[in-house]
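Contents: one structure, followed by commentary.
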Amino acid sequence: MAELYWLKRPIAHRGLHDAAKGIVENSASSVRAAMGAGFAVEVDLQCALDHIPVVSHDATLDRLTSETGPVAARDAAALSRIPLRNSADYILSLPALLALVNGHVPLLLEVKSTWARDGKFEANIAKMLEHYPGPVAVMSFDPYSMAAFRQVAPLIPRGLVAERFDDQRGGARMVLFEMV
């Protein structure tokens, strides 16, 4: 069974970001800041055109870059050349993120769903995590995505994110992790 003790420690959501200081969410700078503070790091993964994961919360480029359009319309190499707005950072690929963190702190990856149900995206993530040296877990709002992980990477801890949609404050979330 994987040890999930680290999920009880502080986790920097989208890294330790501060836009006023030019530290944009889900950026290399936000990950470095979180690691420097000793926090575990949570980031979001979107699927690029070539089914390669890139670090981005949004499905479109509009909010955090000067580009527009869907992340899924460009390949990972093209996306990693796009600078993040008001920052010295660029969109990170998953391999770049893994090289940056390199097991120094635990890593929690929120897999944004493609809703394709073909498992290609999850298989690529699992392959990239195969030799990762540190604690890592994946989570998603999409139960099919987590089922795909169970098939392709049964030893990676995975969690299903649930949310109360009737909560007017919008803050009630829960992650249920399957112990492996």
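In numbering that gives the first Met the number 0, the protein residues as written are 0 to 179.
The C-beta atom is built at its ideal place from N, Cα and C for all residues, glycine as well.
Does residue i come out as helix, strand or coil in the three-state DSSP assignment?
i	result
methionine 0	In this predicted model, methionine 0 has a pLDDT of only 46, less than 50, meaning its place in the structure is not dependable; the value taken from the coordinates is given anyway. Methionine 0 falls in the coil class under three-state DSSP.
glycine 68	coil
alanine 18	helix
tyrosine 143	helix
arginine 80	coil
leucine 63	coil
leucine 154	coil
leucine 128	helix
glutamate 193	Residue 193 lies beyond the range of the chain shown here (0 to 179); nothing can be said about it.
glutamate 24	coil
alanine 122	helix
alanine 58	coil
arginine 13	coil
alanine 75	helix
arginine 149	helix
Name the residue from the options whose alpha carbon lies nearest to the alpha carbon of residue i.
i	options	result
lysine 119	Gly68, Glu162, Asp49, Glu2	Asp49
leucine 3	Leu108, Val135, Glu24	Val135
arginine 116	Pro52, Phe148, Asp43	Phe148
isoleucine 10	Ala18, Met34, Ala19, Asp17	Met34
glutamine 45	Phe38, Ala27, Asp74, Gly21	Asp74
histidine 56	Phe38, Gly37, Gly14, Ala39	Gly14
For the putative contact between residue i and residue j, defined by C-beta atoms under 8 angstroms, what is the C-beta separation to the nearest angstrom?
i	j	result
proline 94	methionine 127	6 angstroms
valine 30	asparagine 85	At roughly 17 angstroms, the Cβ-Cβ gap does not stay under 8 angstroms, so valine 30 and asparagine 85 are not in contact.
valine 137	valine 110	6 angstroms
isoleucine 124	proline 52	5 angstroms
Taking the continuous beta strand (DSSP E) assigned at residue i, which residues delimit it?
i	result
leucine 99	Careful: leucine 99 lies outside any beta strand (DSSP E), inside the alpha helix (DSSP H) at 93 to 100.
valine 53	52 to 54
leucine 6	Leucine 6 -> no beta strand (DSSP E), and no H or E assigned at all.
leucine 44	39 to 46
Would you say residue i touches the ligand HEM, meaning its beta carbon is less than 7 angstroms from a heavy atom?
i	result
histidine 103	The ligand HEM is not among the ligands present in this structure, which contains no ligands whatsoever.
Specify, as a first and last residue, the run of the alpha helix (DSSP H) that residue i falls within.
i	result
valine 30	27 to 35
Name the DSSP beta bridge partners of residue i, please?
i	result
aspartate 88	Paired residues: none, contrary to the question.
valine 137	Leu108, Arg157
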